[in-house]
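Everything on this sheet refers to the single structure shown next.
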Amino acid sequence: MSLPSSSARTASGDDASFAALFTPKFITVLREGYSGAHLRADALAGLTVAIVALPLSMAIAIASGATPAQGLYTAIVGGFFVSLLGGSRFQIGGPAGAFIVLVAATVQQHGMDGLILATFLSGLMLVAVGFLRLGTYVKFIPYPVTVGFTAGIAVIIFASQLKELLGLTLEGPEPGPLLEKLPVLLDALPGASPASMGLAAATVLVILVLKRWRPHWPGLLLAVVGAGVVAYGLDLPVATIGTRFGGIPSGIPLPALPDFSWSKVVDVLPSAASFALLGSIESLLSAVVADGMTGRRHRSNCELVGQGVANAASALFGGFCVTGTIARTATNVRSGAHGPVAGILHSLFLLAFVAVAAPLASYVPLACLAGVLAVVAWNMIERHAIRTLVASSRGETLVLLVTFGLTVFRDLTEAIVVGFALGSVLFIHRMSQAVAVERHAPFVAEDRADDAGDARAPYDEAETADPDIVVYRITGAFFFGAAASIGAVLERIADTHRVLVLDLSAVPFLDATGANTIRGLADKVVRRGVVVVLCGAGATVRRDLAAHGVAPPRVSFSDNVADGIAAARERLAQDRAGATP
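Counting from 0, one number per residue, gives the positions in the sequence shown under numbering that gives the first Met the number 0.
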């Protein structure tokens, strides 16, 4: 067993060189050695992701107030640079549903030129944030806040698609705010189109059925192609990409700088800052999901630099906001990708579609794409996480609900700021309660004499020499502000050991972010065959952990470190005996 000390600081990357921290994962993978088998795996994964990204990119663009061609340009150019320069091995970049609200509002206020300029400026901001190594602080967003604003965005996305889902014709422009939109849609409801509703319902049904019974089939693309064939074959009176936008050009435009007039820059600066904030949160969340699925580790600041370059490049080609996309990144991992080449090839496959098959997109019904986004919105709502938060803590439920409400009815940036503030107040409140109740576990440990209090077992030097077991003691409140740094250290020290023993006896409480960090760590290392033992957790901490799924058989519990080590050694002995022929 080894006890981490100053080595943990080195492992966390504080002493790493600038070049090591900002070397793209693409270069890292090539240095490892890249074979023909790796290329075949990446090509298959890239093709699979491109099939998923094709209808999504067009649907998100249309919902955002842009053209479907701009959605494809964003996926092609932005996705290429995210994979080429990013700090995540499996990240897939492109237009994301989370940006629909912000992009649509920017187009409405500043026009398409304003959107492209805001995208370019947000790219510069993300590059600056990455090089200043501020990406770590993005991880300080409390878990209930991320769950709340993601659910709120999902509701807004679904509401934005009601017009196309129902085939409504409005007398004037569709209002953006939800409370203003719903009465307008209700007034237009008598003119709903049965053909549009039927196509939308059929699209959703096909996607859900294929996901349930044929999960490896490209459900989104098959649903879109099928809807286009039906609409064309039956000559249905529905709006299509061709009738609304005139089709998609067979190529991408030449790069051009956006209008840089000072007054325009000042006008779009708030939008650019919102793009950068949401982009950093969304991309790092996606990278964390990929880490959890693969056991690898991304570099957050390098990832933000890559995202920044991708946004600036997307704007040069007429695209809009680029970010890491959780669904497409997860598809990339499940499809067997080896590294960033898969993301690069996904962009090239999309480019090939634009060059060869762009005219076919004219026949795609808008109601079908609205059905695709309705499914996306439903999948964005983390229902299990919401149930867990509601069951575990009234305070964190309040943070969740306030963030959700502000996202839906006010503003996304305001929701994140207020949610973070409420999370901080909740932490202070819980800290004061913990200090009053758990006097045996102070937030800062005091010095004690060697002969004071409880008798201690003799020092066993064999424990520190055991290469299979590592013990890590967490002292103090394990909350959202500490979760990122503690989680990073725990992942690294578990890399080279078979047993990770966490001493939680000096942790008076942990919040949802801390519990979720431990669960994510356990899920990741257990897949690598590492045993996780939690020792000394109080009743309150154990209850909070259990509420977030941190329970046997995912982890083992022990009353103290000595018993935990003994149980771990017994487990290792059983494993060795089972492996011996």
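Cβ coordinates follow ideal geometry from the N, Cα and C atoms, glycine included.
Query	Result
If I follow the unbroken beta strand (DSSP E) through T396, where does it start and stop?	Run containing T396: none in the beta strand (DSSP E); it sits in the alpha helix (DSSP H), 393-408.
To the nearest angstrom, how far is it from the Cα of F348 to the Cα of D467?	45 Å
As a quick exercise: from H345, G225, S313, R296, pick the residue whose alpha carbon is nearest that of L359.	G225
From the DSSP output, read off the bridge partner residues of Y142.	BP columns for Y142 are empty, so no partner.
Whole angstroms is fine: what's the gap from L125's alpha carbon to P172's?	33 Å
Quick check on the DSSP output: the alpha helix (DSSP H) that includes L503 runs from which residue to which?	Per DSSP, L503 belongs to no alpha helix (DSSP H); it is in the beta strand (DSSP E), 498-505.
When you compare the CB positions of V267 and H109, do they come within less than 8 Å of one another, or not?	yes
Could you tell me which uninterrupted beta strand (DSSP E) segments, each at least 3 residues in length, are contained entirely in the region 509-544, listed from first to last along the chain?	530-534
Tell me the rounded alpha-carbon separation between A95 and G323.	8 Å
Can at least three beta-carbon pairs, one atom from the region 273-286 and one from the region 210-218, be found at a separation below 8 Å?	no
How big is the Cα-Cα spacing for S11 and R296?	Its pLDDT being 41, under 50, S11 is placed unreliably by the model, and nothing is read from it.
Let me know the alpha helix (DSSP H) ranges lying completely inside the region 292-319, each 4 residues or longer, listed in chain order.	299-315
Would you report the Cα separation of A435 and N515, rounded to the nearest angstrom?	Confidence at A435 is low in this model, with a pLDDT of 41, below 50, so the placement of that residue should be treated as unreliable; the coordinate-derived value is given next. If I take the Cα positions, the gap works out to 25 Å.
For T73, which option in G190, A272, G317, R327 has the closest C-alpha, if you only look at C-alpha atoms?	G317
So A505 and T474 are supposed to be a Cβ contact under 8 Å. How far apart are they, rounded?	4 Å
Considering only C-alpha positions, which residue in the set A36, A62, I50 is nearest to F319?	A62
Can you tell me where the beta strand (DSSP E) with S555 in it begins and where it stops?	555-557
So the candidates are R393, I240, T135, V530; which of them puts its Cα closest to the Cα of R570?	V530
DSSP state of T105, grouped into three classes?	helix
When the Cα atoms are used, what is the spatial distance from L167 to M57?	20 Å
If the criterion is Cβ atoms closer than 8 Å, does the pair I380 and A150 meet it?	yes
For the 8 Å Cβ check, are there 3 or more pairs between the region 194-203 and the region 356-376?	yes
Hey, is K263's beta-carbon within less than 8 Å of any beta-carbon in chain C?	The structure shown contains no chain C, having only a single protein chain.
Short of 6 Å in beta carbon distance, which residues of its chain neighbour F119, apart from the five on each side in sequence? Order them along the chain.	P257, A311, A314
On the DSSP letters alone, give me the boundaries of the beta strand (DSSP E) that Y471 sits inside.	468-474
Measuring alpha carbon to alpha carbon, tell me which of A414, A550, P176 ends up nearest S273.	A414
Taking the alpha-carbon positions, what's the I50 to L43 distance?	11 Å
So, L184 versus L161, is the Cβ gap smaller than 8 Å?	yes
For the structure I just gave you, are there three or more beta carbon pairs, one from the region 299-306 and one from the region 75-88, closer than 8 Å?	yes
Here's the rule: buried if 16 or more other CB atoms are within 10 angstroms of the residue's CB, otherwise exposed. What is D558?	exposed
So, for G93: in the same chain, excluding its five sequence neighbours on each side, which residues have a beta-carbon less than 7 Å away from its beta-carbon?	A52, S56, T73, A74, G77, G78, V321, T324, R327
Do you know offhand how far L400's Cα is from F477's?	23 Å
For T322, list the residues DSSP reports as bridge partners.	G93
Alpha carbons only, please: which of A40, G147, Q69 is nearest the one belonging to R382?	G147
Secondary structure at A444, three-state DSSP: helix, strand or coil?	Confidence is the limiting factor: at A444 the pLDDT is only 43, short of 50, which leaves the residue's position unreliable and the question unanswerable from this model.
If you draw a straight line from the C-alpha of P189 to the C-alpha of G370, how long is it?	20 Å
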